[in-house]
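First to last, the sequence lines map onto chains H and B. Note that our numbering has the first sequence beginning at 102, numbered continuously upward. Note that our numbering has the second sequence beginning at -4, numbered continuously upward. Down below is the structure, laid out as structure tokens.
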Amino acid sequence: MTKRFSEPDENGYYGSFGGAYIPEMLHRNVEELRTRYLDIMHEPEFQQEFQLLLKDYVGRPTPLYFAKRLSERYGWDIYLKREDLCHTGAHKINNTIGQILLAIRLGKKRIIAETGAGQHGVATATVCALKGMECVVFMGEKDIQRQAPNVARMKMLGAKVVPVTSGSRTLKDATNEAIREWINDPVDTHYIIGSVVGPHPYPDMVARFQSVISAEIRVQLKEKTGKELPDAVIACVGGGSNAAGAFYHFLDEKNVKLIAVEAAGLGVNSGSSAATTQLGTVGILHGSKSLLMQTRDGQIVEPHSISAGLDYPGIGPLHAHLFETARGIFLSATDEESLAGALELSRTEGIIPALETAHAIAVLSTLREKKVLDEEDRTLVICLSGRGDKDMNTYMEHL
Amino acid sequence: MSRLEKLFLKKNKGILNIYFTAGFPELNTVMPIMEALQSGGADIIELGMPYSDPLADGPVIQQSSQVALANGMDLDNLFLQITNMRKAISIPVILMGYMNPVLQYGFEPFCAKAAASGVDGLILPDLPAHEFETIYAPVIKKYGLDMIFLVSPETSNERVMKLDALSSGFLYAVSSSSITGSSAVYSGFDAYIDRLLSLSLKNPVLVGFGISDKAGFQKATAKTNGGIIGSAFIKALSAGKDVKAATKAFVSSILQ
Ligand SMILES: Cc1ncc(COP(=O)(O)O)c(C=O)c1O
């Protein structure tokens, strides 16, 4: 049997990336998760509750929308997978619903999370309110300022938002603080990681919870077009959870191009970027071996992106493996290009995307020039990972 | 026989191991601090290799790491400073740090350089046992270094036995479920230590994390072979102007 891209080996490696590089203080927790996550996820009762919540609470399936005017502009058939229409406004809730149900079955009493854009924080605060669990969200001081509406939402939902003042004061250090908090309270607390990063089994677990995105795309595309497969799927990559979800059921379909879009910040070579595959080398961050931005001495470099959710110096091990094997096509969009992408989608389709998502839109105008697609490719699916309400201040500053 | 083995043969109670971050408070204070630790009466030196994202460390060590990095500390500089340390230092010296900088240096070149400088052992808290066994153990062995694993109150007996078997030199018992520098009192401490000691471990046990003064050191080492102090010493270094005087004063505050 040939190895499937979607599945890490028993130690959590996708090719040479993954693993569980954690201090001993977290071993019991991570081991408990590792030995139980698949069994719990496969319990019929778990599946029933998960599917029901995805349907009635999140609002799934989310539409696969044919973007007519955008398609006319570029000359392809462009479909938008509307994760922005999920409850709370982004794909993040697919994962938090799954993880809270899992945490309850592990007997946990308290939830912690990190957040960058605040979408994962809001999605975590939401499911904690839903299940009556205590919720603490770590968020960089810089992100608290640039994503203020989401901070307010988390507070409204009863979560405690802890400002992180160490290091970059963004997603990387929010993740550090969440891990430290977990070390301090390992018995009662479950850490809901918001992307396909962290020690094994997190990358696989989060990818599985997000895989509903591509499962629905397959069915919906068939219904709408009669086609089994799109020619390309495009998604932005911070840690890589919406991309992992949108790619998941196409990973082993070699004819589907998987296009991951990283944040180039002020430009890939500007010194202010978050384009990990272009700038990164192999290393260990937040519990797994992957590609990351670092100095020659192995110190993590502080990234830059206008988008808080993509302002992260690493990517999940699955994506590092897609890059390493050239199964994935990695592109990037600058701050400026993504602002233009956001404006374009708003004015051609009446959809205001999140700044993260805007990076995926922004590459449409470069696909031809970069010869990413083949002549006969027609059908593109873009994962519209989130809506732009949280980014209105930034948009207004740049309009 | 390794330096750590010799030490524990000679003395198996009240071993004092002191941690500090290389490059803190100044880039070139590594040797003066080590010399003062030795002459003050410390038994082991744990030399921290600063890292930008030290996951198991509290604010004090995080900050000292940032200062050290800002001072220009890196592994090349550290090895430059300690290359002749054995002319002055006879007590065991252990390098403590995170995997990523070590991997960038190259695991084998790192071990070779450490051994050539007279380093006795390594503590790499985010190196998993599985990867150690399958990839790194032969390299450690080749260069005659001791590898010291951590155990915590959450570590099962079976796993303590396994980590003890993988370790040499000593076993590092984290005093509670916490990051470094925590002052929270852990009520299960005595039962935890009794449990560890009931397992007839092959290695001596040193207790670390959260020990800040003489009383804490005595409590932590009542039944074990010794203790490790980090954050409290870093604080003392930050307060004092003269690192040698601050170091001597700190060590005697623990031992006297
Ligand atoms: C709308 C949206 N898209 C994408 C991301 C990036 O995360 P990931 O790469 O895990 O999908 C975020 C993260 O905050 C987000 O809010």
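Where is the CB? At the ideal position from N, CA and C, for every residue including glycine. Owing to the predicted nature of the structure, the values given are computational and were not obtained by experimental measurement.
Exposed unless 16 or more other CB atoms sit within 10 angstroms - verdict on residue i
{"i": "D436(H)", "result": "buried"}
{"i": "Q248(H)", "result": "buried"}
{"i": "T242(B)", "result": "buried"}
{"i": "F144(B)", "result": "buried"}
{"i": "M102(H)", "result": "Below a pLDDT of 50, predicted positions are generally treated as unreliable, and M102(H), at 43, falls in that range; the measurement from the model is reported next regardless. So M102(H) ends up on the exposed side."}
{"i": "K193(H)", "result": "buried"}
{"i": "G489(H)", "result": "buried"}
{"i": "M(-4)(B)", "result": "exposed"}
{"i": "H301(H)", "result": "buried"}
{"i": "E111(H)", "result": "exposed"}
{"i": "H143(H)", "result": "exposed"}
{"i": "Q513(H)", "result": "Here chain H covers residues 102 to 500 and nothing more, so residue 513(H) does not appear."}
{"i": "I249(B)", "result": "buried"}
{"i": "D185(B)", "result": "exposed"}
{"i": "A31(B)", "result": "buried"}
{"i": "D157(H)", "result": "exposed"}
{"i": "L153(H)", "result": "exposed"}
{"i": "R161(H)", "result": "buried"}
{"i": "N23(B)", "result": "exposed"}
{"i": "G113(H)", "result": "buried"}
{"i": "I130(B)", "result": "exposed"}
{"i": "T78(B)", "result": "exposed"}
{"i": "G295(H)", "result": "buried"}
{"i": "K104(H)", "result": "exposed"}
{"i": "K210(H)", "result": "exposed"}
{"i": "K243(H)", "result": "buried"}
{"i": "T307(H)", "result": "It is worth fixing the name first, because residue 307(H) is Val in this sequence and not Thr. Result: buried."}
Candidates the options: closest to residue i by CA position
{"i": "D305(H)", "options": "I198(H), G119(H), V288(H), E498(H)", "result": "G119(H)"}
{"i": "G384(H)", "options": "G18(B), M(-4)(B), D48(B), E21(B)", "result": "D48(B)"}
{"i": "F228(B)", "options": "F204(B), D159(B), N220(B), G164(B)", "result": "F204(B)"}
{"i": "A234(B)", "options": "I40(B), F19(B), A111(B), Y14(B)", "result": "F19(B)"}
{"i": "P418(H)", "options": "G340(H), P124(H), M240(H)", "result": "G340(H)"}
{"i": "T382(H)", "options": "L367(H), C236(H), P414(H)", "result": "P414(H)"}
{"i": "S170(B)", "options": "S207(B), A37(B), G35(B), I39(B)", "result": "S207(B)"}
{"i": "T467(H)", "options": "I453(H), S433(H), S447(H)", "result": "S433(H)"}
{"i": "M234(H)", "options": "A260(H), A253(H), G222(H), K491(H)", "result": "A260(H)"}
{"i": "A168(H)", "options": "R161(H), W177(H), P162(H), G160(H)", "result": "W177(H)"}
{"i": "R309(H)", "options": "A364(H), R270(H), R281(H), H350(H)", "result": "H350(H)"}
{"i": "L191(B)", "options": "L73(B), L232(B), D121(B), S147(B)", "result": "S147(B)"}
{"i": "E450(H)", "options": "E173(H), F424(H), S486(H)", "result": "E173(H)"}
{"i": "Q395(H)", "options": "L411(H), G372(H), I335(H), S408(H)", "result": "G372(H)"}
{"i": "G399(H)", "options": "R81(B), E21(B), Q99(B)", "result": "Q99(B)"}
{"i": "T290(H)", "options": "L393(H), V298(H), A279(H)", "result": "A279(H)"}
Cross-chain neighbours of residue i in chain B, by beta carbon under 7 angstroms
{"i": "D398(H)", "result": "D69, L70, P96, Q99"}
{"i": "R281(H)", "result": "L50, I174"}
Interface residues of chain H facing residue i [CB-CB closer than 8 angstroms]
{"i": "Y46(B)", "result": "G399, Q400"}
{"i": "S177(B)", "result": "N285"}
{"i": "V202(B)", "result": "Under the 8 angstroms cutoff, chain H gives no residues; its nearest Cβ is about 14 angstroms from V202(B)."}
{"i": "V25(B)", "result": "Within 8 angstroms Cβ-Cβ: nothing; V25(B) doesn't reach chain H, min ~16 angstroms."}
Contacts that residue i makes with chain H (C-beta to C-beta distance below 7 angstroms)
{"i": "E261(B)", "result": "The structure shown does not extend to residue 261(B), since chain B spans only -4 to 251, so no value can be given for it."}
{"i": "Q57(B)", "result": "S267"}
{"i": "L64(B)", "result": "Q400"}
Chain-ordered chain B contacts of residue i [CB-CB under 9 angstroms]
{"i": "R129(H)", "result": "S147, E149, T150, S151, R154"}
{"i": "N277(H)", "result": "D48, P49, L50, Q57"}
Contact set between residue i and chain H, taken where Cβ atoms lie within less than 9 angstroms
{"i": "V169(B)", "result": "P124, E125, M126"}
Where residue i meets chain B, residues with beta-carbon distance less than 8 angstroms
{"i": "Q395(H)", "result": "N95, Q99"}
- Query: Can you list, in chain order, the residues of the stretch 132 to 166 of chain B whose Cβ is nearer than 8 angstroms to any Cβ on chain H?
  - Reply: Answer in chain order: F144, L145, V146, S147, E149, T150, S151, R154, L158.
- Query: At which residue ranges does the stretch 49 to 120 of chain B contain complete alpha helix (DSSP H) runs of 4 or more residues, listed in the order of the chain?
  - Reply: You should have 54 to 65, 70 to 77, 94 to 100, 102 to 111.
- Task: Give, in chain order, every unbroken run of the alpha helix (DSSP H) that is at least 4 residues long and sits entirely within the stretch 305 to 341 of chain H.
- Result: Given a length threshold of 4 residues, each whole run of the alpha helix (DSSP H) inside the stretch 305 to 341 of chain H is given here in chain order: 313 to 326.
- Message: For the stretch 244 to 270 of chain H, list every residue whose C-beta sits within 8 angstroms of some C-beta in chain B, in sequence order.
- Response: S267, G268: these are the residues of the stretch 244 to 270 of chain H whose beta carbon lies less than 8 angstroms from some beta carbon of chain B, given in chain order.
- Query: In the stretch 113 to 132 of chain B, which residues sit with their C-beta less than 8 angstroms from some C-beta in chain H, listed in chain order?
  - Reply: Residues passing the 8 angstroms Cβ filter: P120, D121, L122, P123, H125, E126.
- Message: What ranges does the beta strand (DSSP E) occupy inside the stretch 173 to 245 of chain H, keeping only unbroken runs of at least 3 residues that lie completely in it?
- Response: The stretch 173 to 245 of chain H is shown to contain whole beta strand (DSSP E) runs of 3 or more residues at 178 to 182, 211 to 216, 235 to 241, in chain order.
- Within 9 angstroms of chain B by C-beta, residues of the stretch 373 to 390 of chain H in sequence order: Listed by position along the chain: T382, V383, G384, I385, L386, H387, G388, K390.
- Query: Unbroken beta strand (DSSP E) runs of length 3 or more, entirely within the stretch 110 to 182 of chain H: which are they?
  - Reply: Complete beta strand (DSSP E) runs here, min 3: 165 to 167, 178 to 182.
- Item | Residues of the stretch 108 to 125 of chain H with Cβ closer than 9 angstroms to any Cβ of chain B, in chain order | Listed by position, the residues of the stretch 108 to 125 of chain H near chain B (Cβ gap below 9 angstroms) are N112, G120, A121, Y122, I123, P124, E125.
- Any chance you could list the alpha helix (DSSP H) runs of at least 4 consecutive residues sitting entirely within the stretch 113 to 187 of chain B, in chain order? Runs of the alpha helix (DSSP H) spanning 4 or more residues and lying entirely within the stretch 113 to 187 of chain B occur at 132 to 137, 152 to 161, in chain order.
- Could you give the uninterrupted runs of the alpha helix (DSSP H) lying entirely in the stretch 335 to 408 of chain H, keeping only those of 4 residues or more? List check, alpha helix (DSSP H) in window: 342 to 348, 377 to 380.
- 3 or more residues per run - each beta strand (DSSP E) lying fully within the stretch 456 to 484 of chain H: Taking only runs of at least 3 residues, the beta strand (DSSP E) segments lying wholly in the stretch 456 to 484 of chain H are 480 to 484.
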